[in-house]
Every structure is written in structure tokens, then in C-alpha cells.
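For reference, the structure discussed in these notes is given below.
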Ligand SMILES: *Cc1c(COP(=O)(O)O)cnc(C)c1O
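Here you go:
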């Protein structure tokens, strides 16, 4: 049986568009959507999403009434959160759906294990009073993309203990969940009742270089392609320094092209002299520093027309670089590459399953 899926669409759908990513995930059968902030959850509701939706980073200063009235499952990290949600439910005359997060070793959000017994006891009392309903208990992995990290095993064990304590207290949550993309793929035992899948739903390998990835059996195809138009093309002489601080100097005469996208668009500045783009059927190296709005590329001796299409990253199917290639070139992860893209870029959503879709 397929494990139910929560598509994680936080951070503007990992840079792909919150509402569009949410809509595509629902069409693809996602039972749940997951977001970090209250604003993200409310934006999905404002756009018409009516399905199950979990938010997990609600600020102490943020009122919960609007979230609860919008039928959003909210996450409690502390007893103070529980009281706040119960009070909001009371004011509204409705029963908030609350999920409890246990910190099993990430040391980020969630109840510490030491607090957990008190937390579930209070949650159970509030539930018995009809002040809240505990719909879920969950946690988050620290190193799921590294199957050899003993933290995975240890976190699963702590999660099982936390679930047992909650069950002893009388809680019967609808969903217990632990795994993100890499956890869901690499640790089937960690799937429980629901998996929270972010990066893999955008077609990006969550564990590059691990376990036979890029997962040919899954057929992950990156959803995002970043294109630009070549702003100009020109010859430079041997000895010419390129871009700020001349971190690259032409050893021989060459043709360079100007790509109108820079770090203001979220192009990693650290990719200067390292990344490649795709122009006219070939990979072309980035030369020199990435500027605020421009990148210079080396076209060698090829004659390329200004106005030609530049693919910064895409599916990789034709040989073009991928977000993962950019991540490796800039010392980061593909998550950061795709979530940062923006600035003056225009976003267009294409349904590639539609016949004749323009890819
Ligand atoms: C971002 C996030 C996810 C999704 O992680 P991926 O590695 O992108 O699948 C799942 N759960 C939580 C709590 C998150 O913050």
C-alpha cells in the first residue's frame, strides 16, 4: 500500500511557486500539503486549497484564530503552544487540530524529550476537555540523506519511545510522521502513516550519490528550468581580465557572452569561475565573478548569436546543467539553488503532461 504523502510547499514551493506547486501536488494525489509559516498556510487557503494542510513554524506572537478558522492543522512545540491553540479554539467555538512535534535529535523545533511526558499529558487533558484534537505526532531527521549516519537509527528509536509515551497517555493521533524525501526513499521503515516530501516532488534527487541515485526507478525529472536571453556577444583579447576583480583572465582570444542574471536573481556568487550554462547545444563555463545582474560566459570560438537562449539549469536531459550541478559548483545543496532563484526572473508554469506542452 502506498504511504500517504504530504507535499512540502514551503518557501514559495522551493522557488517553484507556492500555489502552483500546491495545486500540482493535489492533482498528483498528495493527501496533505505542508508549509512552515502561518502566512504560507493562509495563502494556500486564500488560493482555494481546501485539503489537509499542516503548518509547523507559528510564532509565539502570531494569533492562531485565523489558522484554526481556516481548518489548518497547527504544530505545537510546547505546552504554551497547546494553551494558545486551545484558547483560540475556545474563542472560535471550534476544536483546533493540533500536531505535536517531538525533537528526536535535530535540536531544532519541537518538544525536548525531557518535556515530552508533560506535553502529552497536557495535550490529553485538553483533548478530553474538547479543547483540542491531537491529529498527529511527528519529528524530523537530521541526516536522512546519509544512510550511514547513526543519527537516523537513533532518531527512529527516540521517535518510537515518544509514540509509546503518547499512547500510554491516551493519545490516538491520526498520523505519525518522521520522514522527509531522503528518509522516505532510503528508510522505508520510517514512513509510518505519512511522509513529508519536499525536494523530491520538484524532481530533485534528495540524496545525490547515494543508493543508486538518481533513482532511475522513480524517474525524477527536475521541474525547474532557468532560462535567459544572451544579452550580447563579443571578442576579447588574450590577457583581458573578465568581470569584477579580474578573477579570470583570457589566455587566448575568445568570445564571451553576457547573461542577464546575477546574484540579485539568486545566482550563487560562489559559482563564479565554476558553474556552466547551456547555449547553442553545449555547456559554456562561467568566467569571472557573478555580478549583481550579470554573468559572463565563455563561448570559445563558436559563433553564437546575441539573443540566443541560455539555460542556466534544467532537467539535464539534453546535457544542460542541473540545479545539482550548480549546487556542486557553488558548494551548496540543490535546495538552496532552486529556492533562491527569483529577483527579476519571470516565472512561467507549464503543464508538461498536457499534449503539445511547450517544454
Ligand atoms: C522542509 C521540510 C521537509 C521536506 O524536506 P525534503 O528534504 O525537502 O523532503 C519535511 N519536514 C520538515 C519539518 C521540513 O522542514
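In our numbering, the protein residues as written are 1 to 359.
A virtual CB, placed ideally from N, CA and C, is assigned to each residue, including glycine.
Predicted, not measured: the structure shown is a model, and the values here were computed from it.
Of the listed residues the options, nearest to residue i (C-alpha basis)
{"i": "residue 35", "options": "60, 47, 6 and 29", "result": "6"}
{"i": "residue 336", "options": "219, 300, 14 and 69", "result": "14"}
{"i": "residue 192", "options": "183, 200 and 198", "result": "183"}
{"i": "residue 16", "options": "155, 222, 286 and 180", "result": "222"}
{"i": "residue 236", "options": "218, 298 and 263", "result": "298"}
{"i": "residue 47", "options": "60, 20, 37 and 120", "result": "20"}
{"i": "residue 106", "options": "92, 85 and 153", "result": "153"}
{"i": "residue 296", "options": "52, 242 and 281", "result": "242"}
{"i": "residue 144", "options": "127, 119 and 188", "result": "188"}
{"i": "residue 134", "options": "218, 200, 29 and 98", "result": "98"}
{"i": "residue 12", "options": "163, 354, 352 and 347", "result": "347"}
{"i": "residue 217", "options": "224, 185, 84 and 141", "result": "185"}
Assumed close pair residue i, residue j - CB separation to whole angstroms, cut-off 8 Å
{"i": "residue 323", "j": "residue 338", "result": "5 Å"}
{"i": "residue 66", "j": "residue 42", "result": "6 Å"}
{"i": "residue 165", "j": "residue 117", "result": "6 Å"}
{"i": "residue 260", "j": "residue 229", "result": "7 Å"}
Assigned secondary structure, residue i (DSSP; H/G/I helix, E/B strand, else coil)
{"i": "residue 317", "result": "coil"}
{"i": "residue 271", "result": "helix"}
{"i": "residue 352", "result": "coil"}
{"i": "residue 41", "result": "helix"}
{"i": "residue 56", "result": "coil"}
{"i": "residue 155", "result": "helix"}
{"i": "residue 230", "result": "coil"}
{"i": "residue 177", "result": "strand"}
{"i": "residue 132", "result": "coil"}
{"i": "residue 337", "result": "helix"}
{"i": "residue 65", "result": "helix"}
{"i": "residue 218", "result": "coil"}
{"i": "residue 284", "result": "strand"}
Distance cut-off 8 Å: residue i Cβ against heavy atoms of ligand 1
{"i": "residue 79", "result": "no"}
{"i": "residue 56", "result": "yes"}
{"i": "residue 8", "result": "yes"}
{"i": "residue 308", "result": "no"}
{"i": "residue 17", "result": "no"}
{"i": "residue 107", "result": "no"}
{"i": "residue 158", "result": "no"}
{"i": "residue 197", "result": "yes"}
{"i": "residue 180", "result": "yes"}
{"i": "residue 143", "result": "no"}
{"i": "residue 209", "result": "no"}
{"i": "residue 188", "result": "no"}
{"i": "residue 36", "result": "yes"}
{"i": "residue 24", "result": "no"}
{"i": "residue 200", "result": "yes"}
{"i": "residue 371", "result": "This structure cannot speak to residue 371, because the chain is shown only from 1 to 359."}
Contact check, residue i vs residue j, beta carbons under 9 Å
{"i": "residue 266", "j": "residue 232", "result": "no"}
{"i": "residue 125", "j": "residue 173", "result": "no"}
{"i": "residue 68", "j": "residue 54", "result": "no"}
{"i": "residue 330", "j": "residue 268", "result": "yes"}
{"i": "residue 81", "j": "residue 58", "result": "yes"}
{"i": "residue 23", "j": "residue 49", "result": "yes"}
{"i": "residue 254", "j": "residue 209", "result": "no"}
{"i": "residue 289", "j": "residue 247", "result": "yes"}
{"i": "residue 203", "j": "residue 180", "result": "no"}
{"i": "residue 147", "j": "residue 207", "result": "yes"}
{"i": "residue 60", "j": "residue 32", "result": "no"}
{"i": "residue 171", "j": "residue 190", "result": "no"}
{"i": "residue 264", "j": "residue 250", "result": "no"}
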